[in-house]
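Participant: Structure provided below as structure tokens; questions to follow.
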Amino acid sequence: MARATDDLEVSQLLARRSAEMAAVFMIGDGMLGLLQPRRHVALWRERALGAEALVAPFVGRPGRRRAYAVLQIAAGIALAARQRTR
């Protein structure tokens, strides 16, 4: 029984860490998109392992990328705020 409890705790810890990493990515990517939308989109336009389709709506539309960036940052902060140490 103790082993199952330990496994569950480890799984929960890994899930919290994964969520935290996702939040950090969302906030960081959002900040880059907010501050440097043209450069950031241009970086992912070609040969980006499938990311091209994700940035296509933002090509030539820095205002749209900035608006999306604000949503990314807010979602990342909300996700991080939900994480608890125990």
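Note that the numbering used here gives residue 63 to position 40 of the sequence shown, counting from 1, and the numbers run on in steps of one.
Idealized CB from N, CA, C, for every residue including glycine.
Where Gly73 and Ser41 are concerned, what is the direct C-alpha to C-alpha distance, given to the nearest angstrom?
Facilitator: One C-alpha to the other measures close to 22 Å.
Participant: Does the region 42-50 come close enough to the region 80-91 that 3 or more CB-CB pairs lie under 8 Å?
Facilitator: Taking 8 Å as the limit for Cβ pairs, the verdict is that the region 42-50 does not touch the region 80-91.
Participant: For Leu57, I'd like the list of residues in its chain whose CB is within less than 6 Å of its CB, leaving aside the five on either flank, ordered along the chain.
Facilitator: For Leu57, where only same-chain residues beyond five positions count, the Cβ hits under 6 Å are Arg89 and Ala92.
Participant: Look at Arg68 and Glu75 and say whether their C-beta atoms are less than 8 Å apart.
Facilitator: Contact: yes.
Participant: What three-state label does DSSP hand Val47 in the structure shown?
Facilitator: DSSP places Val47 in helix when its eight states are reduced to three.
Participant: Going by DSSP in three states, Val184 sits in which element: helix, strand or coil?
Facilitator: Since the first residue shown for the chain is 24 and the last is 109, residue 184 is missing from the structure and cannot be characterised.
Participant: Report the rounded CA-to-CA distance for Val33 versus Leu94, giving the unit in angstroms.
Facilitator: Near 31 Å, if we compare the C-alpha coordinates of Leu94 and Val33.
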